[in-house]
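For reference, the structure is listed below as structure tokens.
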Amino acid sequence: MDLMTMDHGDDHGTVAAAKTCPMIMVFHGGHCERILWRSWVAYTVTEFAFSCIAFFVMSFLYELLKFLRVQLARRDARREAEQLAAEQRRKNLNDCGAGCSETPLAEIRDKTYWERIFNMPHVIQSLLNFVQIIISYLLMLVFMNFNYWLCLSVILGLAFGYFFFGWVKKDPQDSDCCP
1 MDLMTMDHGD
11 DHGTVAAAKT
21 CPMIMVFHGG
31 HCERILWRSW
41 VAYTVTEFAF
51 SCIAFFVMSF
61 LYELLKFLRV
71 QLARRDARRE
81 AEQLAAEQRR
91 KNLNDCGAGC
101 SETPLAEIRD
111 KTYWERIFNM
121 PHVIQSLLNF
131 VQIIISYLLM
141 LVFMNFNYWL
151 CLSVILGLAF
161 GYFFFGWVKK
171 DPQDSDCCP
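In full-length UniProt numbering, the protein residues as written are 1 to 179.
Rendered as structure tokens:
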């Protein structure tokens, strides 16, 4: 048995020999691949090329999703700061009129834990994070097919996505390892 090209078939052994692709456990080139699910098998060069394009787009969308999350966080922080400033101005006008000194910020009521958790921007960020995690693990599994062309399509999609959306960073020391 050649351990480099183990073919695990499907669970019931009913797949015909002509309809299987070997599962190669080292980096390789070629177009016959089982990708992610048992039903996603690229037998022809055309099917494989479309799979590479799909993973390029998925990688590009991953970078877009990271960009959108940063933009939403910035917008929400700006909106919260504006609301806090407006509330402070209203409180100052209501408490002491025009000639009074400013009220300390500590007197403004903070949101409770549950108000912060069920705040719509936080819910949206959580859902986007969920989708981002799913996409990142799927891209990892594609890379683990060890096919040069699939790996290259993922890398190029991430690189082009970063080129278009990566210029937006909160801090130059931010790491790309974590969402």
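Yeah, the Cβ is synthetic: ideal placement off N, Cα and C, and Gly gets one too.
In this text the structure is predicted, and so the values were computed from the model without any measurement.
Neighbour-count burial assignment, residue i, 16 or more Cβ in a 10 Å radius
i, result
"Ser-127", "One detail in the question is off: residue 127 reads as Leu in this sequence, not Ser. By the 10 Å Cβ count, Leu-127 comes out exposed."
"Phe-56", "buried"
"Asn-145", "buried"
"Ser-51", "buried"
"Phe-163", "exposed"
"Tyr-62", "buried"
"Asn-94", "exposed"
"Leu-141", "exposed"
"Leu-84", "exposed"
Short Cβ contact (9 Å threshold) for residue i with residue j
i, j, result
"Arg-34", "Met-23", "yes"
"residue 186", "Phe-60", "Coverage of the chain is limited to positions 1 through 179, which leaves residue 186 absent and any answer about it impossible."
Proximity test, Cβ basis, 9 Å: residue i and chain C
i, result
"Leu-36", "Any reference to chain C falls outside this structure, which holds one protein chain only."
Cβ separation of residue i and residue j, assumed to be a contact under 8 Å, to the nearest whole Å
i, j, result
"Leu-138", "Leu-36", "7 Å"
"Ile-124", "Leu-65", "Their Cβ separation, rounded to whole angstroms, is 12 Å, which puts Ile-124 and Leu-65 out of contact at 8 Å."
"Val-70", "Val-154", "Not confirmed; about 21 Å, so no contact."
"Ala-42", "Phe-48", "4 Å"
"Met-58", "Ile-135", "6 Å"
The stretch 121-135 in contact with the stretch 29-44 per 3-pair CB rule at 8 Å: no
Runs of beta strand (DSSP E) lying entirely within the stretch 71-159, each at least 3 residues, in chain order: none
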